[in-house]
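Participant: Mind having a look at this structure? Questions to follow.
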Amino acid sequence: NARPEVGRTARRESPIIALKNFNNWVKSVLIQKYGHAGGRNRDVRVLDIGCGKGGDLLKWSRNGVSEYIGLDVAEISVRQAEERYLEMRQRRMRAYFRALDCYRESIRDVLPKEVFAVPFQTVTMQFCMHYAFYSEASVRQMLDNVSTNLEPGGTFIGTIPNADHIMLSLGATDLSFGNPVFRITFAQRPPAPPAPDDPDQSGAFGHKYNFFLQDAVGEDEAGVPEYLVYWPNFVRLAAEYGLVQEYRKDFGDLLHEEREHEVYGPLLRRMKVVDSAGESDMDEEQWEAASIYLAFAFRKT
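Each residue of the sequence shown is one higher than the one before, starting from 1 at the first, in full-length UniProt numbering.
Structure (structure tokens):
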């Protein structure tokens, strides 16, 4: 989030623009499948935790959302998100932005009370939830912020690195893997997580690695700290907060399932993921980077 806002022209010239377009398509599919859609007779509120520079504002606006709350730990990103909102040609939804660490603070203790007068239909966390996994306490604070402000039947959606894929790619003895586009490096090999039914879940948290993604995350291959999300342990913990898994797909499986869909298939072309012949500009190195991730959706009971 320390990266400057570069504008649309520079973004189009990114060396990984094909990967960025694909990631945006995945988020669009997830939003349309599980983000509650607004309409003429239905107001929908969305809470975006880790909103970054506001890259998903247009996606939510097109989904008919009436109100959007964007929170991020980086104040500069929040300012850029607000500027992006003000530059939107048609601001069909109301928006409020605030710099806030949602992994350490209760948002109800910080934001104005009127923000919570009506619950949210969707909470979204795109490419950021794994940063909470430095401790069990921070994950619990994050889940409390999600669940407390989500209406029953509401959805919690997001995208994160797949810990299973990372550990398989790491191999038996290596501490690093990747290519010129991305790199993941551990200082030491993380232990296996506790069983999901183990009363002591402390061993599921704090497993750090450094992540680099060309023109996106980190200034060089030293990367930035991220944390493994052991999925079965997370599902168990989320259930304590009334959040039940409804969907989980690796990015590759999601593409395979949705590329022929009557809506999401044409969207691949409109978002420049593939050309008119169905061919992608993503090379093998970018596909390898994309394969790290999974998309998820939970529903509040």
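From the three backbone atoms N, C-alpha and C, an ideal C-beta is built for every residue, glycine too.
#1: Please identify the residue among F205, G54 and L268 whose C-alpha is closest to the C-alpha of Q126.
#2: Give the secondary structure of N63 by DSSP, where H, G and I count as helix, E and B as strand, and everything else as coil.
#3: Pick out whichever of E246, E82 and F234 has its Cα sitting closest to the Cα of F298.
#4: Let me make sure I understand the geometry here. Which of D197, R79, I49 and A204 has the alpha-carbon closest to that of N149?
#5: Let me know the secondary structure DSSP gives K53 once reduced to three states.
#6: Measure the alpha-carbon distance for L254 versus L294 and round it to whole angstroms.
#7: When the Cα atoms are used, what is the spatial distance from V65 to Y241?
#8: So V123 is in the beta strand (DSSP E); what residue range does that whole segment cover?
#9: If contacts are defined as beta-carbon pairs under 8 Å, then F156 and V123 qualify, I think. What distance do you get, rounded to the angstrom?
#10: Keeping to the same chain, check which residues put their C-beta closer than 6 Å to that of D281; ignore five residues upstream and five downstream.
#11: Using 8 Å as the threshold, is the C-beta distance between A290 and F22 below it?
#12: Give the single residue among P199, F182, P180 and S176 whose Cα lies nearest to the Cα of Q188.
#13: For the region 141-202, which segments carrying the beta strand (DSSP E) assignment without a break, of at least 3 residues, lie completely within its bounds, in sequence order?
#14: For I292, which three-state DSSP category applies?
#15: Just reading off the alpha helix (DSSP H) that F211 is part of, what are its end residues?
Facilitator: Let me spell this out:
#1: To locate residue 126, count along the sequence shown from 1; it is residue 126. Minimum Cα distance to Q126 is reached at G54.
#2: Here residue 63 is taken as the residue at index 63 of the sequence shown, counted from 1. In the structure shown, N63 sits in coil (DSSP, three-state: anything other than H, G, I, E or B).
#3: For the purposes of this step, residue 298 is taken as residue 298 along the sequence shown, with counting starting at 1. If we check each option's Cα against that of F298, E246 comes out closest.
#4: The residue labelled residue 149 in the question sits at position 149 within the sequence shown. N149 has its Cα closest to that of I49, out of D197, R79, I49 and A204.
#5: Residue numbering aside, residue 53 sits at position 53 when the sequence shown is read from its first letter. It is coil, neither helix nor strand.
#6: Position 254 of the sequence shown, counted from the start, is the residue given in the question as residue 254. Position 294 of the sequence shown, counted from the start, is the residue given in the question as residue 294. The alpha-carbon atoms of L254 and L294 are separated by roughly 9 Å.
#7: Position 65 of the sequence shown holds residue 65. Position 241 of the sequence shown holds residue 241. Taking the straight line from one Cα to the other gives about 25 Å.
#8: Here residue 123 refers to the residue found at position 123 of the sequence shown. Looking at the DSSP string, the run of the beta strand (DSSP E) that includes V123 is F120 to Q126.
#9: For the purposes of this step, residue 156 is taken as the residue at position 156 of the sequence shown. For the purposes of this step, residue 123 is taken as the residue at position 123 of the sequence shown. About 5 Å separates the two Cβ atoms, so the contact holds.
#10: The residue labelled residue 281 in the question sits at position 281 within the sequence shown. Taken in chain order, the residues that qualify are A18.
#11: Against the sequence shown, residue 290 aligns to sequence position 290. Against the sequence shown, residue 22 aligns to sequence position 22. Taking 8 Å as the Cβ cut-off, A290 and F22 qualify as a contacting pair.
#12: Position 188 of the sequence shown, counted from the start, is the residue given in the question as residue 188. Closest option to Q188, Cα to Cα, is S176.
#13: 150-161, 176-178 and 182-185
#14: As a first step, residue 292 must be located in the sequence shown, where it is residue number 292. Three-state DSSP puts I292 in coil, outside helix and strand.
#15: If you number the sequence shown from 1, residue 211 lands on position 211. Note, F211: premise wrong, no alpha helix (DSSP H); beta strand (DSSP E) at K208 to L213.
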